[in-house]
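Step one of this worksheet: look at the structure below.
There are 2 protein chains.
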Amino acid sequence: MNKDIPEISLQRLPVYLNYLRSLTDEDGKYISSGAIASALKLGEVLVRKDLAYTSSAGRPKVGYVRTELIAALEEYLGCNDVKNAILVGAGGLGRALLSYGGFGKYGIEVVEAYDSDPAKVGTNVGGKLVLGIDNMAEGIKKYNARLAIVAVPASAAQGVCELLFKEGINGILNFAPVLISAPDNVVVRNIDVAANLAILASMV
Amino acid sequence: MNKDIPEISLQRLPVYLNYLRSLTDEDGKYISSGAIASALKLGEVLVRKDLAYTSSAGRPKVGYVRTELIAALEEYLGCNDVKNAILVGAGGLGRALLSYGGFGKYGIEVVEAYDSDPAKVGTNVGGKLVLGIDNMAEGIKKYNARLAIVAVPASAAQGVCELLFKEGINGILNFAPVLISAPDNVVVRNIDVAANLAILASMV
Numbered sequence: 001m002n003k004d005i006p007e008i009s010l011q012r013l014p015v016y017l018n019y020l021r022s023l024t025d026e027d028g029k030y031i032s033s034g035a036i037a038s039a040l041k042l043g044e045v046l047v048r049k050d051l052a053y054t055s056s057a058g059r060p061k062v063g064y065v066r067t068e069l070i071a072a073l074e075e076y077l078g079c080n081d082v083k084n085a086i087l088v089g090a091g092g093l094g095r096a097l098l099s100y101g102g103f104g105k106y107g108i109e110v111v112e113a114y115d116s117d118p119a120k121v122g123t124n125v126g127g128k129l130v131l132g133i134d135n136m137a138e139g140i141k142k143y144n145a146r147l148a149i150v151a152v153p154a155s156a157a158q159g160v161c162e163l164l165f166k167e168g169i170n171g172i173l174n175f176a177p178v179l180i181s182a183p184d185n186v187v188v189r190n191i192d193v194a195a196n197l198a199i200l201a202s203m204v
Numbered sequence: 205m206n207k208d209i210p211e212i213s214l215q216r217l218p219v220y221l222n223y224l225r226s227l228t229d230e231d232g233k234y235i236s237s238g239a240i241a242s243a244l245k246l247g248e249v250l251v252r253k254d255l256a257y258t259s260s261a262g263r264p265k266v267g268y269v270r271t272e273l274i275a276a277l278e279e280y281l282g283c284n285d286v287k288n289a290i291l292v293g294a295g296g297l298g299r300a301l302l303s304y305g306g307f308g309k310y311g312i313e314v315v316e317a318y319d320s321d322p323a324k325v326g327t328n329v330g331g332k333l334v335l336g337i338d339n340m341a342e343g344i345k346k347y348n349a350r351l352a353i354v355a356v357p358a359s360a361a362q363g364v365c366e367l368l369f370k371e372g373i374n375g376i377l378n379f380a381p382v383l384i385s386a387p388d389n390v391v392v393r394n395i396d397v398a399a400n401l402a403i404l405a406s407m408v
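The following block contains the structure:
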């Protein structure tokens, strides 16, 4: 879904949602595109265009009803549909992600984790069980998971992803700093922390 | 620096660099923009445009000399200038980032970490010392750090960032899922893991 929105606009939707959720009733019932733009240091036309993908236009001189705009963004981002995700790689980063409670507000639950290291298998992190990689296929079926977080070393990432493709995973959030070759029906999003810090360094 | 390049192009430079670094001499001395585009599933015109920010054009029908293109990207991204960064928040994510060895390839060293939790102060993670938040100002001066990674809870993030602004930090990589208000001379890049997973979910 959501194929009609440019990825660059899609990426900003959670930013709008976070901001709108941070406001309270004291901030008023309405919010204008100008106020959103100013808070997020974005252009007002851009904000209006982005938001138009998810909801009907704000009222002239009044703006959007904040709660309606939040609901529209949540609907568009699928926050109300519960989606199960699995996690592969229970090293430092994987364990941190397992303990992280922030997925729920987007309707996503990370249900199980898998690791090839026998020392990690059977441990419990953030209330989630770490199982052996041999249990992955079964877990994906059991939870009808379509999303996977990959937090394994770069050298293992492609191999792990091949297993995931085979089990019907079609969305991968990849933290390994390596390019994943994926079939056309799979979307891979990469979070390369070091690259982000390097980009930042070259912007300041 | 690098103010002349659009951020969207800048974001792709580490992707090109990672890919080019993953090739070996057996892949040949030259690489064409078409080959890069195809490997990364990008448009060829886009690749040529992005790379033109960092290096002179490839040779017609031959392409770029791979090692020269790598050197140009490394130069542009400042991989050869050593830059010190500090980290605030030594929880699960902070500790995982401290143990992560991937910053060095961009010339960045995370030198010290700070936390307000006495139980964490004095511990050693990935060879880096975790100090109390009171030691932060001194550490920033000592290491002449201009970059900071913020991995504290959302509720603490703005307060921590205010301290960082005061100490001359001008680039912040923020993992807290909250909007940071920053002075105009500071660049804040946000990595919201949950938002990324939500975006992925709405793309598949």
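If you read the protein sequences in the order shown, they are chains A and B. Read left to right, the first sequence gives residues 1 to 204 (the working numbering). Read left to right, the second sequence gives residues 205 to 408 (the working numbering). Note that the Cβ used here is the ideal one computed from N, Cα and C, for glycine as well.
Taking the beta carbon of G28/A as the centre, do at least 16 other beta carbons fall within 10 Å, making it buried, or is it exposed? exposed
Among I290/B, A405/B and I337/B, the one whose alpha carbon lies nearest that of L377/B: I290/B
Would you say G171/A lies against chain B (beta-carbon separation less than 8 angstroms)? yes
I'd like to know whether the C-beta of K345/B is nearer than 8 angstroms to at least one C-beta of chain A. no
Can you tell me which residues form a DSSP beta bridge with K287/B? I312/B
Among G293/B, C283/B, A358/B and R393/B, which has the Cα closest to the Cα of S22/A? A358/B
Start-to-end residues for the beta strand (DSSP E) that takes in L335/B: Element bounds for L335/B: K332 to G336.
Whole beta strand (DSSP E) elements within the stretch 40-64 of chain A, 3-residue minimum: none
At a Cβ threshold of 8 angstroms, is D396/B touching chain A? At least one chain A Cβ lies under 8 angstroms of D396/B.
Please decide whether V121/A counts as near chain B, where near means a Cβ-Cβ distance under 8 angstroms. no
Could you work out which residues of chain B lie near A196/A, taking near to mean beta carbons separated by less than 7 angstroms? The displayed chain sequence assigns Asn, not Ala, to residue 196/A. Near N196/A (Cβ distances below 7 angstroms), the residues of chain B are L377, R393 and I395.
One question on the structure: do Y64/A and Y19/A come within less than 8 angstroms of each other, judged by their Cβ atoms? No, Cβ-Cβ distance for Y64/A and Y19/A is not below 8 angstroms.
Take I169/A as the anchor and find which of V152/A, A157/A, L147/A and G92/A has the nearest alpha-carbon. L147/A
Selection from G104/A, F165/A, L163/A and V88/A that minimises the alpha carbon distance to L129/A: V88/A
Contacts of F307/B in chain A (Cβ-Cβ under 9 angstroms): V193, A194, L197 and A198
With a threshold of 8 angstroms, are at least 3 pairs of Cβ atoms found where one atom belongs to the stretch 56-74 of chain A and the other to the stretch 112-129 of chain A? no
What do you get for K324/B, buried or exposed, if any count of 16 or more other CB atoms within 10 angstroms of its CB means buried? buried
By the three-class DSSP mapping on this structure, what secondary structure does I31/A have? strand
Could you check whether the Cβ of V62/A sits closer than 8 angstroms to any Cβ belonging to chain B? With 8 angstroms as the cut-off, V62/A does not count as an interface residue toward chain B.
Please classify V45/A: is it buried, with 16 or more other beta-carbons within 10 angstroms of its beta-carbon, or exposed? It is exposed - the Cβ of V45/A has fewer than 16 other Cβ atoms within 10 Å.
Tell me the DSSP secondary structure of I353/B in three-state form. strand
Beta strand (DSSP E) segment containing L173/A, residue limits: G171 to N174
P357/B at chain A interface by Cβ criterion, 8 angstroms: no
DSSP three-state assignment for Y143/A, whether helix, strand or coil: Reduced to three states, the DSSP call for Y143/A is coil.
If you count every other CB in all the chains shown that lies within 10 Å of the CB of A195/A, and 16 or more means buried, which is it? That one is buried.
N- and C-terminal bounds of the beta strand (DSSP E) containing N339/B: Segment: none, N339/B is in no beta strand (DSSP E) and carries neither H nor E.
Limits of the beta strand (DSSP E) - the one that V178/A falls within: Taken as a continuous stretch (DSSP letters only), V178/A belongs to no beta strand (DSSP E), as it is neither H nor E.
What separation, rounded to the nearest whole angstrom, lies between the Cα atoms of S181/A and K370/B? 44 angstroms
My understanding is that L200/A touches G375/B, with C-beta atoms under 8 angstroms, so please give their C-beta distance in whole angstroms. The beta-carbon distance between L200/A and G375/B, rounded to whole angstroms, is 4 angstroms. This is short enough to meet the 8 angstroms contact definition.
Could you check the C-alpha separation between A37/A and Y16/A for me, to the nearest Å? 9 angstroms
Cβ-Cβ separation, P218/B to L426/B (assumed contact under 8 angstroms), whole Å: In the structure displayed, chain B extends from 205 to 408; residue 426/B sits before or after that span and is not available.
When you compare the CB positions of G92/A and A294/B, do they come within less than 8 angstroms of one another, or not? Result no, Cβ atoms of G92/A and A294/B do not sit closer than 8 angstroms.
So is M1/A in contact with chain B if we call contact Cβ pairs under 8 angstroms? Bear in mind that a pLDDT of 48 at M1/A, under 50, signals an unreliable position, so the number given afterwards is only what the model happens to contain. Closer than 8 angstroms to some Cβ of chain B, the Cβ of M1/A qualifies, so yes.
Is there a Cβ from chain A that is less than 8 angstroms from the Cβ of R252/B? no
As assigned by DSSP and simplified to three states, the class of M1/A: With a pLDDT of 48 at M1/A, under the threshold of 50, the modelled position of this residue cannot be trusted; read the value that follows with caution. Of the three classes helix, strand and coil, the one that applies to M1/A here is coil, per DSSP.
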